[in-house]
Amino acid sequence: MPAFPDPVLEPPIGETPDAADFLAAAIRWHFSPETGSPFWLDRAATLDFDPVHDVRSFADLRRFPNVVDELRTVPVQDLIPRGYGRNTPVSGVYESGGTTGSPKRLVFLADWWDRVIDWAMRDMDARGHPYGVNWLTLVPSGPQLFGDWTAELVRRRGGVRFCINMDPRWVKRMIGAGESAVTDRYVDHLVAQSAHVLRSQDIGVLVCTPPLLERLCREDELVELINAKVRLIVWGGARMDPDTRRFLRTDVFPGIELYGYYGNVTMLGTTIERPGLSDDGRCVYDTFSPHITLEVVDPETRLPVAYGERGQVIVHHVSRSMLLPNNSERDLAVRVEPPPGRLGDSVADITSMAAFAGTTVIEGVY
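Residue numbering for the sequence shown follows the working numbering, beginning at 0 and increasing consecutively.
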């Protein structure tokens, strides 16, 4: 039979519980033999500390090893906490983009999927984003999270989703091999498919990665179609520099809201662009606290940098469905104060490291 966690572990969305109480409940859940996952119960024996007694604050999450590289080979069933019981509802298994090696793989349990999508829906509602319009999505499907994420938002908000699929791993492979001509032809192929949909269908929301959005902007006809039809552009999956963001918002699409995501599968979700930002200011991202929290640290000392300074992004995911602390991202960001009541840092001006884990970082189109 399923076990029931401490209610503090699943607070109402938008409310942040006492950090110590929340963390204590999560650690008890993930390291109790009756409720923890095989992965963490086995791993507990290798730790040089006792999580139940020694993890008292979010700062203590840094004591955990970064285990994300193990997710390349761990059986996904071993990641599911025993407290869910048998026949645990699973929404999907998603993979990282494989930028630094073979993909990492994570299971999204149905209750977490509903919770993080509810959070995203609430944010869209607060901004007055439309219901009942059609979406055009130029994002990966298959093992990547972004495709199913947007599909679920479309399902809940109504309308029809027109999907242009892409294979970001193939693009990265071609860029790494110096096959720029092949990459350009592939991007032209994606743009041509998108153009056909924009010409023939009523599209209210466009979801796109920054490299592909910039490529769409090279064609005056497509810019005119987007300005005439689209009410919201959702972007994510790759970085957008401040100059490009300002130019798109003020010169190319002045009447359309640009709405940014920064996230990945090892967050088990995303962060969302802060509302009310100016066109020429930093693009600040806020987290789904207390479940997804960020730290911005000096890459050498691993100590937090001051607000306004740049450092490496560290991600902690803490929920009933998953514990994934102390994940060193391949991203650099400016540390920003979070909104009142949120745990962890907000971040701005995301850039990728030139190399990470001994591998050159190639972003490509995603």
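Every residue gets a Cβ at the ideal spot worked out from N, C-alpha and C, and that includes glycine.
| request: Could you tell me which residues DSSP pairs with I232 in its beta bridges? | output: In the DSSP output, where bridge partners are listed per residue, I232 has L205 and L257.
| message | According to DSSP, is R198 part of a helix, a strand, or is it coil? | response | helix
| said: Under DSSP, the beta strand (DSSP E) around T350 begins and ends at which residues? | reply: In the DSSP assignment, T350 falls within the unbroken beta strand (DSSP E) covering S345 to S351.
| query | Thinking C-beta only, is S101 closer than 7 angstroms to R71? | reply | yes
| query | Roughly how many angstroms lie between the CA atoms of V296 and V314, to the nearest whole one? | reply | 11 angstroms
| task | List the whole-angstrom C-beta distance separating L22 from V233, where the pair is believed to meet the contact cut-off of C-beta under 8 angstroms. | result | Between V233 and L22 the Cβ distance is about 32 angstroms, and since that is not below 8 angstroms, they are no contact.
| Within 7 angstroms (strictly less), CB to CB, does I232 reach chain C? | Judged by its chain identifiers, the structure shown contains no chain C, having just a single protein chain.
| request: Sort R172, P139 and G268 by Cα distance to C162 and report the nearest one. | output: P139
| field | 6 angstroms CB neighbourhood of P50 in its chain, flanking five on each side removed | value | I26 and F30
| said: Taking a contact to mean a Cβ-Cβ separation below 7 angstroms, would you say V132 touches V204 in this structure? | reply: Yes, Cβ-Cβ distance for V132 and V204 is below 7 angstroms.
| field | Segment limits, beta strand (DSSP E) that includes D242 | value | Note, D242: premise wrong, no beta strand (DSSP E); alpha helix (DSSP H) at P241 to F246.
| request: Less than 8 angstroms between the CB atoms is what I'm expecting for G82 and E33, so what's the real figure, rounded? | output: 7 angstroms
| Euclidean distance between Cα positions of G259 and D5 | 33 angstroms
| message | Just to confirm, is the Cβ distance from P338 to R230 under 7 angstroms? | response | no
| Taking just the CA atoms, how far does W148 sit from L108? | 14 angstroms
| query | Going by the beta-carbon positions, is the gap between M165 and L189 smaller than 7 angstroms? | reply | yes
| query | Hey, R281 and A194 are a contact pair by Cβ (cut 8 angstroms); roughly how many whole angstroms apart? | reply | No, R281 and A194 are not in contact; Cβ-Cβ is about 32 angstroms, not under 8 angstroms.
| message | Spatial neighbours of A176 within its chain, please: C-beta separation below 6 angstroms, excluding the five flanking residues on both sides. | response | Excluding its 5 nearest sequence neighbours in each direction, A176 has no C-beta neighbour in its own chain below 6 angstroms.
| From which residue to which residue does the beta strand (DSSP E) around V335 run? | Its beta strand (DSSP E) spans residues L322 to V335.
| task | Have a look at Q76 and T265 and give me their C-alpha separation to the nearest angstrom. | result | Taking the straight line from one Cα to the other gives about 16 angstroms.
| task | Consult DSSP for I79 and reduce its assignment to one of helix, strand or coil. | result | coil
| task | Can you have a look at S345 and say buried or exposed, based on whether 16 or more other CB atoms are within 10 angstroms of its CB? | result | buried
| request: Would you please state the rounded distance, in angstroms, between the beta carbons of G343 and T286? I believe it to be under 8 angstroms. | output: 6 angstroms
| query | If F48 and T292 are in contact, beta carbons under 8 angstroms, what's the gap, nearest whole angstrom? | reply | Not confirmed; about 20 angstroms, so no contact.
| said: For R301 and I174, I'd like the C-alpha separation in whole angstroms. | reply: 32 angstroms
| query | Looking only at DSSP bridge pairs, what is C162 linked to? | reply | T136
| task | Tell me, to the nearest whole angstrom, how far the beta carbon of V206 is from that of T136; I am working on the premise that it is less than 8 angstroms. | result | 4 angstroms
| request: Compute the Euclidean distance between the alpha carbons of P253 and L215, then round it to the nearest angstrom. | output: 16 angstroms
| task | Decide if V335 is buried, meaning its Cβ has at least 16 other Cβ atoms within 10 Å, or exposed. | result | buried
| query | Roughly how many angstroms separate the alpha carbons of R245 and Y261, rounded to a whole number? | reply | 17 angstroms
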